[in-house]
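Visitor: So the number in this note's numbering is just where the residue sits in the sequence shown, counting from 1, plus 249. Positions of the beta carbon are idealized from the N, C-alpha and C atoms, including for glycine.
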Amino acid sequence: MSDQSHEIQGIFDNISSNYDQLNDWISWGQHRIWKLMTVKWAEPKPGDTCVDLCCGSGDLTRLLAEKVGTQGKVYGVDFAPQMLAIAKQKSSEVQIDWVEADVLDLPFADNTFDGATMGYGLRNVVDIPKSLKEIYRILKPGAKAAILDFHLPSQPLFRQFEQWYMETIVVPLARHQGLEEEYAYIWPSIQRFPRGPEQESLAEQVGFRATHYPIVGGTLGVLVLTKAKSVESGIGNRESGIGNRESGIGNSN
250 MSDQSHEIQG IFDNISSNYD QLNDWISWGQ HRIWKLMTVK WAEPKPGDTC
300 VDLCCGSGDL TRLLAEKVGT QGKVYGVDFA PQMLAIAKQK SSEVQIDWVE
350 ADVLDLPFAD NTFDGATMGY GLRNVVDIPK SLKEIYRILK PGAKAAILDF
400 HLPSQPLFRQ FEQWYMETIV VPLARHQGLE EEYAYIWPSI QRFPRGPEQE
450 SLAEQVGFRA THYPIVGGTL GVLVLTKAKS VESGIGNRES GIGNRESGIG
500 NSN
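(1) Taking the beta strand (DSSP E) that residue 462 falls in, what are its first and last residues?
(2) Exposed or buried, which one is residue 285 when buried takes at least 16 other CB atoms within 10 Å?
(3) Going residue by residue through the region 289–367, where are the continuous beta strand (DSSP E) segments of at least 3 residues, counting only ones entirely within it?
(4) For the beta strand (DSSP E) containing residue 395, list its first residue and its last residue.
(5) Whole-angstrom Cβ separation of residue 317 and residue 304, contact assumed at under 8 Å?
(6) Of the choices 329, 461, 328 and 288, whose alpha-carbon is the least far from that of residue 311?
(7) Residue 273 by DSSP, collapsed to three states: which one?
(8) In the DSSP assignment, what residue or residues form a beta bridge with residue 476?
(9) So, for residue 343: in the same chain, excluding its five sequence neighbours on each side, which residues have a beta-carbon less than 7 Å away from its beta-carbon?
(10) Determine which residues share a DSSP beta bridge with residue 470 and list them.
(11) So, for residue 309: in the same chain, excluding its five sequence neighbours on each side, which residues have a beta-carbon less than 6 Å away from its beta-carbon?
(12) Count the other C-beta atoms from every protein chain shown that fall within 10 angstroms of the C-beta of residue 478, then say buried if there are 16 or more, exposed otherwise.
(13) Give the DSSP-derived three-state secondary structure of residue 375 in the structure shown.
(14) Output yes or no for whether 9 Å exceeds the beta carbon distance between residue 381 and residue 455.
(15) When DSSP labels each residue in this structure, what does residue 403 get in the three-state scheme?
(16) For residue 429 and residue 260, which I take to be in contact (beta-carbon distance under 8 Å), what is that distance rounded to the nearest angstrom?
(17) With respect to the alpha helix (DSSP H) encompassing residue 416, which residues constitute its N-terminal and C-terminal limits?
(18) Specify, as a first and last residue, the run of the alpha helix (DSSP H) that residue 440 falls within.
(19) Could you compute how far the alpha carbon of residue 321 sits from the alpha carbon of residue 268?
(20) Among 333, 470, 459 and 271, which one has its Cα closest to the Cα of residue 403?
(21) Check whether the region 380–397 touches the region 331–342, taking contact to mean three or more Cβ pairs, one atom from each stretch, closer than 8 Å.
(22) I need the DSSP call for residue 428, collapsed to helix, strand or coil.
Okay, here's the thing in structure tokens:
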């Protein structure tokens with residue numbers, strides 16, 4: 250793992266115990282609606298096998314589990330162990346497999362999943378094209394992924410509002426929790442993050458059909474990816490089965 254990845258991992262471990270509360274405060278509870286929209290775009294069905302990447306405290310993971318039901322299977326993946334611990338604690342009554350892994354090197358075989366979600370993760374990976382390749386690799390032909398994240402609006406007025414909100418509302422709220430530095434990171438990361446058309450282009454280069462849907466005035470967006478139904482054996486052509494590419498689920502070597 251690179252130094253930058255270690256730094257980001259540390260940020261999410263540091264905020265894990267306050268993450269849900271701050272999400273509620275920052276979004277006025279609206280993040281629940283955005284997550285429901287994201288899961289709907291991923292189109293999980295009863296009996297499906299799905300994965301929530303960069304799962305954080307597991308909100309999207311649990312929504313997927315509700316959709317696939319007892320005949321389905323859901324994996325929650327995150328590289329921040331403290332976040333995974335919170336997710337497990339919150340979801341003890343739901344059958345979910347939790348996996349500590351990096352989205353740049355996922356411990357799953359090609360063509361494994363019927364659907365995938367990711368919330369606030371793509372903006373934070375150090376190599377977006379590589380992460381998109383991994384998502385493409387692990388999805389079955391015809392499967393969809395829906396990726397929710399902050400977004401830099403195209404309209405100047407909305408951009409100004411987003412910056413004002415992050416710097417005047419979000420960071421002071423985080424400061425009261427002793428997390429000013431961790432949340433001050435968000436606005437610069439939004440500015441660096443590819444905008445909707447760029448995200449679509451990056452995904453199409455991997456092989457996806459891609460559409461980015463701006464929401465909340467373009468301050469957020471959902472990137473919806475579809476893997477073609479007729480594809481070659483997949484990127485990487487790794488061994489079959491879910492897990493450590495040879496046997497079992499675990500951290501990839």
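Guide: Based on what the coordinates show:
(1) 457–464
(2) exposed
(3) Segments of the beta strand (DSSP E) lying fully in the region 289–367: 298–302, 322–327 and 346–349.
(4) 388–399
(5) Rounded, the Cβ-Cβ distance is 15 Å, inconsistent with contact.
(6) 288
(7) helix
(8) For residue 476, which the question treats as bridged, DSSP gives the partners 457.
(9) 311 and 314
(10) Looking at the DSSP assignment, residue 470 forms a beta bridge with 398 and 463.
(11) 284, 301, 366 and 368
(12) Exposed, by the Cβ-count rule.
(13) In the three-state reduction of the DSSP assignment, residue 375 falls in the coil class.
(14) It is a contact, given that the beta carbons lie within the stated cut-off.
(15) coil
(16) Rounded, the Cβ-Cβ distance is 12 Å, inconsistent with contact.
(17) Looking at the DSSP string, residue 416 is not in any alpha helix (DSSP H), and its letter there is neither H nor E.
(18) It spans 435–441 - the alpha helix (DSSP H) in which residue 440 sits, taken as one unbroken run.
(19) Cα-Cα distance, rounded: 28 Å.
(20) 470
(21) No: fewer than three Cβ pairs fall under 8 Å.
(22) Three-state result, residue 428: coil.
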